[in-house]
Amino acid sequence: MNPGTRMPESSDTPSAAPDPGTSAAPGTAAERTVLGEADIARALTRIAHEIVERNKGAADLLLLGIPTRGVQLARRLAERLAQIEPTFSGEHGTLDVTMYRDDLRRQPTRAVGQTVLPGSLDGTIDDKVVVLVDDVLFSGRTIRAALDALNDLGRPRVVQLAALVDRGHRELPIRADYVGKNLPTSRSERVRVRLADVDGGADAVVISEATPTPSSTERGAR
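Numbering (my numbering), first residue to last: 44 to 265.
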């Protein structure tokens, strides 16, 4: 089996409650939009330019999106990078972190998704400049899991992190290299990223008051 591929099903778990601070279906609580479609487009374009500037080009660059919406954001970043930097090969993929999460004992029924690397890499990320892409950076625990997952794929030259939204409340010493929007929030709020190619409708980032539940503190904080 290609070491870059992790089997079973889809990375989406329809029966699981949405993570706080991450994308989810609209709820009943009042919402306010903090980023619209044009804002998200501008943020991604800026991040793409920052990636090129920081790395002095885009050679050996690999974008890996963290499901679900991080995958779509990685694809959009790859398209922008290809437009502004001729050395970029367009390589991007998906990094599933399910089995590396530290809350599996609390939610052991999580569905395992797939890690998908570009075929040209032959299943390894050795010596690549890997940019992890996620929609919302919150506690940092999802990124810690992503770093553990990368260890099974090889030894990249450097690992960087791009997040569309950084909402604070870190629980681990993790910081994004590229941020579309720093968004101060309270822990009682939810930050939802909606992307047209995942959720339908228009792209948006919205904030709403989270509905308290007994298990709300146990759901996988990102």
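Ideal placement from N, C-alpha and C gives every residue a C-beta, glycine not left out. Just so you know, these numbers come straight off a predicted model, no measurement behind them.
Within its chain, find whatever has a CB closer than 7 Å to the CB of residue i; leave out the 5 residues flanking it on each side and keep chain order.
| i | result |
| --- | --- |
| A117 | L106, L107, G108, H135, V176 |
| A91 | L120, R123, L124, I127 |
| H212 | F181, S182, R230 |
| G197 | T167, I168, D169 |
| G244 | R237 |
Can you give the beta carbon distance from residue i to residue j, rounded, assuming they're within the 8 Å contact cut?
| i | j | result |
| --- | --- | --- |
| V249 | T111 | That pair is no contact at about 17 Å. |
| A188 | Y143 | 4 Å |
| R235 | D103 | The pair is not a contact, with the Cβ atoms about 34 Å apart (cut-off 8 Å). |
What are the residues that DSSP puts in a beta bridge with residue i?
| i | result |
| --- | --- |
| N98 | None; N98 has no bridge partner. |
| N194 | According to DSSP, which records beta bridges pairwise, N194 is partnered with nothing at all. |
| R237 | A247 |
| T137 | G108, V159 |
| D177 | A206 |
| V201 | V172 |
| L78 | V248 |
Taking only the alpha-carbon atoms, compute the straight-line gap between residue i and residue j and give it to the nearest angstrom.
| i | j | result |
| --- | --- | --- |
| P161 | F131 | 13 Å |
| P227 | G183 | 15 Å |
| E80 | K171 | 31 Å |
| E261 | L180 | Any reading at E261 must be qualified, since the residue scores a pLDDT of 38, below 50, and its modelled position is unreliable; the value itself is stated next. Their Cα atoms are separated by approximately 17 Å. |
| D169 | D139 | 18 Å |
| S251 | E232 | 6 Å |
| A247 | N194 | 33 Å |
| Q115 | D242 | 11 Å |
| D146 | A239 | 29 Å |
| V95 | P129 | 11 Å |
| D165 | T137 | 15 Å |
Beta-carbon within less than 6 Å of residue i's beta-carbon, same chain only, minus the 5 sequence neighbours each way: which residues are those?
| i | result |
| --- | --- |
| Y221 | I90, E93, A205 |
| D209 | L180, A219, V222, N225 |
| I83 | D246 |
Give the single residue among the options whose Cα lies nearest to the Cα of residue i.
| i | options | result |
| --- | --- | --- |
| Q203 | Q115, I217, L196, G197 | I217 |
| L87 | D103, L78, L207 | L207 |
| T141 | P129, R85, A84, A192 | A192 |
| V174 | E214, L215, G113 | G113 |
Can you list, in chain order, the residues of its chain with a C-beta nearer than 8 Å to that of residue i? Leave out the 5 residues immediately preceding and following it.
| i | result |
| --- | --- |
| S163 | S132, E134 |
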